[in-house]
Amino acid sequence: MLKKRIPGLVGVFVLLLGAVAGISLLRNRQEIREKAAASASIWLSAPPSVVAGEPFDINIEVDPGSNLVVGLELEMSFDPRYLSISGISLGTFLPGQVDIVRNEIDNNAGTISYVIWINPTSRGYASARGTAATIHATAVSPVASTSVDIGPGSLIASYDDPGNNVLQTASGLVISIVSPTPTLLPTATPTVTPTSLPTPTYTTTPTLTPTPTISLTPTPTCQVSAPVFNTAKITPDDNTLFSSKTSSVQTSVSVSSFGSCGASKRLEFWMYPQDDPSMQLKVCEYMSALENVDYECDLFIPRPLNQRKFVWKAIAYNESGSTSIERSIRIAYEGDCDLSGRVDIVDYGIFFDSFAKVDFDERADINSDGVVNVVDYSYLFYNFGKAI
Ligand SMILES: [Ca+2]
Ligand SMILES: [Ca+2]
């Protein structure tokens, strides 16, 4: 297709679109930060004083704040000289079908590792305060005070804030254990240890436009024709699905003929969200391109991802017109571990199999932070059933 173009107007158009895209990205980031401010808290409750040799219960209480909680990962510790844990029973905080993913009690080390979440097929969440679980303990021997602590590795996953740990405050418990002959000891006040809420950082990697060297061979007589792409050398294929972890997609084209009679052989790479063609951005430009050379352009995938389908376009110009080709790329939903295009029970299987393991399937570490935990699960839960 041949068209006359006015370079000045094109430049203004590009600048305006760039500004619009920049403002839009900024606004999206602010929204994420506002969401992450929502906080949940956990605390333990038990009688302040218990009798040595007798069993008692410790309730794990959760206030979701403004979150919609889908799972908890709790790391607790206690002094095994004074306390012994016989078991943990599930509470009513989480609704629907709840998976008890881990229930490990070590009465020698004094540690408890307890993980529960709502099964992804059960589309509920907890929005009201409640008892997540009850720890069944026995006081071993008298002591003025002993504590049950909630470790900093504890996490809360939220449906409305996937990918973030929304646990802000975790309060352990201090109890006194009296000897069977009742002698009352003063009760200690529980200590509150707030944990800070980590904020994920998104890094942007600007792509550079390499400039190839010019070599011009003037032709004495010439007829200008439309540029022609080498369609066999366009990558990636149309509609290719990329992992949710993809931060940039490398595209490549080759022009078999610019159809030019002079120096005007320009190649441009553009991209835009498929649902919003008004957001066209020029990503790479080769001012004096050569024929039959592979030209590459890294398309930056914006974060957070409000769009998952993008169109990229290569335009070859000569002195009188241009030819363009368009291809689509898709970015999978977080939680689509097997890259099938859909988040389903197969992905849950992959995730479940790797959960909390040192040697895990990389696909299960959905946020790529080196561990497979309930924060990864929040993505899987959030996107369960979605298909791109
Ligand atoms: Ca899948
Ligand atoms: Ca992870």
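Quick note, our numbering runs 657 ahead of the 1-based positions in the sequence shown. Beta carbons are placed, not taken as given, at the ideal position from N, Cα and C, and that holds for glycine.
Separation of D1010 from I807, as counted between CA atoms: Rounded to whole angstroms, I807 and D1010 show a C-alpha spacing of 26 Å.
Range covered by the beta strand (DSSP E) that runs through G820: Neither: G820 is in no beta strand (DSSP E) and is coded neither H nor E.
C-alpha gap between P959 and I762, whole angstroms: 43 Å
Under the three-state DSSP convention, the category A678 falls into: Interpretation of A678 is limited by its pLDDT of 45, a score under 50 that renders its predicted location unreliable; the figure taken from the coordinates is listed afterwards. Helix.
Candidates K922, D894, K902, A889: closest to S882 by CA position: Sorting K922, D894, K902, A889 by C-alpha distance to the C-alpha of S882 places K922 at the top.
Sequence-distant residues of its chain with Cβ nearer than 6 Å to K970 (five each side left out): W927, S981, E983
Near ligand 2: V1032 beta-carbon under 7 Å from a heavy atom: For ligand 2, at least one heavy atom lies less than 7 Å from the Cβ of V1032.
Sheet register partners of K970 (DSSP bridge): W927, E983
Heavy atom of ligand 1 within 7 Å of K999 beta-carbon: In the sequence as presented, Lys is not what sits at residue 999; that position holds Arg. Because some heavy atom of ligand 1 lies under 7 Å away, the Cβ of R999 counts as near it: yes.
Where V1032 sits in the DSSP three-state scheme: V1032 falls in the helix class under three-state DSSP.
Cα-Cα separation, I699 to T768: The alpha-carbon atoms of I699 and T768 are separated by roughly 17 Å.
DSSP-derived helix/strand/coil call for G1042: coil
Beta-carbon contacts of K913 that lie in its chain and below 8 Å, excluding the five residues immediately before and after: Looking at the sequence shown, residue 913 is not Lys but Ser. Excluding sequence positions up to five before and after S913, its CB lies within less than 8 Å of the CB of V885, F886, N887, E948, N949, all in the same chain and listed in chain order.
Check: D1018 C-beta below 7 Å from any heavy atom of ligand 1: no
G722 vs A796 beta-carbon contact at 8 Å: The Cβ-Cβ distance between G722 and A796 does not fall below 8 Å.
Residue environment, G679, which counts as buried when at least 16 other CB atoms sit within 10 Å: Confidence at G679 is low in this model, with a pLDDT of 43, below 50, so the placement of that residue is unreliable and no value is reported for it.
Buried/exposed call for P799, threshold 16 Cβ in 10 Å: buried
Helix, strand or coil at L947 according to DSSP, with G and I counted as helix: coil
Inter-residue spacing [alpha-carbon to alpha-carbon] between N760 and Y771: C-alpha separation (whole angstroms): 5 Å.
Nearest neighbour of N1030, chosen from S911, R999, F713, E730 [CA to CA]: E730
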